[in-house]
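Visitor: If you want our numbering, it's the 1-based position in the sequence shown plus 3.
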Amino acid sequence: MEASDRLAEPVRRMRRTERRQQILDAATKAFARAGYSATSLDDVAAEAAITRVLLYRHFDSKADMYQAVLDRACERLVQATGADDFGDDAIPALLRAASADPDGFRLLFRHAAREPEFRDLIDSLTAASREVAERNLAKRIQPGPWRSWAANLLPTLTVEAVIAWLDAGQPDPAEAAERISQVVHGVIAAAQDDRVEGG
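1) Along the alpha helix (DSSP H) that carries F34, what are the first and last residues, could you check?
2) Sort S132, L160, H114 and R99 by Cα distance to G189 and report the nearest one.
3) So, are the CB atoms of Y59 and H114 less than 8 Å apart?
4) Should the stretch 138-146 be called in touch with the stretch 94-110, which here means at least 3 C-beta pairs below 8 Å?
5) Candidates I53, W152, T54 and S132: which alpha carbon is nearest C77's?
6) So, is P119 buried or exposed, given that buried needs 16 or more other C-beta atoms within 10 angstroms?
7) Rounded to a whole number of angstroms, what is the C-alpha to C-alpha distance between I191 and D104?
8) Tell me which residues share the same chain as Q185 and place their Cβ nearer than 7 Å to its Cβ, disregarding the 5 neighbours each side in the sequence.
9) Within a Cβ cutoff of 8 Å, which residues of the same chain sit near G202, ignoring the five residues on either side of it in sequence?
10) Let's see if you can read the secondary structure: which residues bound the alpha helix (DSSP H) around E120?
11) According to the neighbour-count rule (16 or more other Cβ atoms, all chains shown, within 10 Å of its Cβ), is T54 buried or exposed?
12) Give every residue of the same chain whose Cβ lies closer than 8 Å to the Cβ of I166, excluding the five residues on either side of it in the sequence, and list them in chain order.
13) Between which residues of its own chain and Q173 is the CB-CB distance below 7 Å, once the five residues before and five after are set aside?
14) Could you spell out the range, first to last residue, of the alpha helix (DSSP H) harbouring A103?
15) Please name the residue in A52, H61, D45 and L97 whose C-alpha comes closest to that of P158.
16) Is the separation between the beta-carbon of A51 and that of Q25 shorter than 8 Å?
17) Roughly how many whole angstroms lie between the Cα atoms of N155 and A130?
18) Could you pull out every residue in the same chain whose Cβ sits closer than 6 Å to the Cβ of W264, ignoring the five residues on either side in sequence?
19) For V47, count neighbouring Cβ atoms within 10 angstroms of its own Cβ and tell me buried if that reaches 16, exposed if not.
20) Which residues in the same chain have their Cβ closer than 6 Å to the Cβ of A35, if we skip the five residues on either side of it in sequence?
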């Protein structure tokens with residue numbers, strides 16, 4: 004049978020929304036590997052197995068694409084974790100969110116935090132996390148500098164613990180949640196410590 008006799012495999016055309024999601028998935032992977040500055044549109048196109056021209060049908064620029072990747076990662080995180088409670092399910096929910104989208108999680112908290120152009124999103128996310136921590140700690144710790152210390156420390160500590168867990172290969176999520184909870188409770192206990200200074 005000659006090559007001309009073989010039926011060409013049909014190329015599947017994606018709907019616009021499907022294509023956009025495919026590009027965002029590929030961009031998330033590409034940006035998570037090297038960060039915003041070191042990732043080119045050609046890198047994203049290669050990851051998505053499409054042409055660079057097709058990228059421009061969905062995004063005006065690399066910055067526009069990166070912002071869309073960060074917005075999607077942020078939306079997924081909020082959907083998975085809720086917005087304002089540090090209940091018993093908060094850490095397991097954070098681990099599930101990170102496990103479901105590890106590249107997006109790393110982009111939000113590792114890469115984007117170092118990118119001046121996108122710092123506003125991370126700063127607003129960090130500020131919201133601190134407010135939630137402050138509100139939840141008000142039930143356990145008296146007002147003052149130690150409560151502020153704990154409210155500033157806990158969101159950063161928890162995120163770094165989750166990233167370290169991702170980097171370690173995501174060992175036993177239930178055990179990871181328990182261990183991270185122990186660290187969180189240690190910070191809370193330290194902030195509650197009412198020893199007299201100098202005594």
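All C-beta atoms in this analysis are idealised placements derived from N, C-alpha and C, irrespective of residue type, glycine included.
Guide: Working from what's here:
1) Taking the sequence shown and counting its residues from 1, the one referred to as residue 34 is at position 31. That run of the alpha helix (DSSP H) goes R19 to A37.
2) Along the sequence shown, one-based indexing puts residue 189 at 186. Selected option, being the one with the closest Cα: L160.
3) Counting from 1 along the sequence shown, the entry for residue 59 is found at position 56. Counting from 1 along the sequence shown, the entry for residue 114 is found at position 111. No, the Cβ-Cβ distance between Y59 and H114 is not below 8 Å.
4) no
5) The count along the sequence shown starts at 1 and reaches residue 77 at position 74. Residue S132 is the option with its Cα nearest to C77.
6) Counting from one through the sequence shown, the residue named residue 119 turns up at place 116. Classified as exposed, P119 has fewer than 16 neighbouring CB atoms from the shown chains inside 10 Å of its CB.
7) Indexing the sequence shown from 1 puts residue 191 at position 188. Indexing the sequence shown from 1 puts residue 104 at position 101. Cα to Cα, I191 sits roughly 29 Å from D104.
8) Your numbering for residue 185 matches position 182 in the sequence shown. Excluding residues within five positions, none has a Cβ falling inside 7 Å.
9) Here residue 202 refers to the residue found at position 199 when the sequence shown is read from its first residue. For G202, the predicted structure reports a pLDDT of 40, less than 50, and the residue's modelled location is therefore unreliable. A value from the coordinates is still provided. If the five residues before and after G202 are omitted, its C-beta is found closer than 8 Å to no C-beta atom of its own chain.
10) Walking along the sequence shown from the start, residue 120 turns up at place 117. Here E120 belongs to no alpha helix (DSSP H), and DSSP marks it neither H nor E.
11) In the sequence shown, the residue the question calls residue 54 occupies position 51. Answer is exposed; the Cβ neighbour count stays below 16.
12) Stepping through the sequence shown from its first residue, residue 166 is reached at position 163. Same-chain partners within the cutoff: A101, F108, R109, F112 and R113.
13) Numbered from its first residue, the sequence shown carries residue 173 at position 170. Same-chain partners within the cutoff: S102.
14) Counting from 1 along the sequence shown, the entry for residue 103 is found at position 100. A103 -> alpha helix (DSSP H) spans A93 to A103.
15) Numbered from 1 along the sequence shown, position 155 holds the residue referred to as residue 158. Put simply, of A52, H61, D45 and L97 the residue whose alpha carbon is nearest the alpha carbon of P158 is L97.
16) Translated into positions along the sequence shown, residue 51 becomes position 48. Translated into positions along the sequence shown, residue 25 becomes position 22. It is a contact, given that the beta carbons lie within the stated cut-off.
17) Taking the sequence shown and counting its residues from 1, one reaches residue 155 at position 152. Taking the sequence shown and counting its residues from 1, one reaches residue 130 at position 127. Looking at the two C-alpha atoms, the distance is approximately 9 Å.
18) Outside the displayed range of the chain (4 to 202) lies residue 264, so it cannot be described from this structure.
19) Locating residue 47 in the sequence shown gives position 44, counting from the first residue. By the 10 Å Cβ count, V47 comes out buried.
20) As a first step, residue 35 is located in the sequence shown; it is residue number 32 there, counting from the start. The answer, listed in chain order, is D106, R109 and L110.
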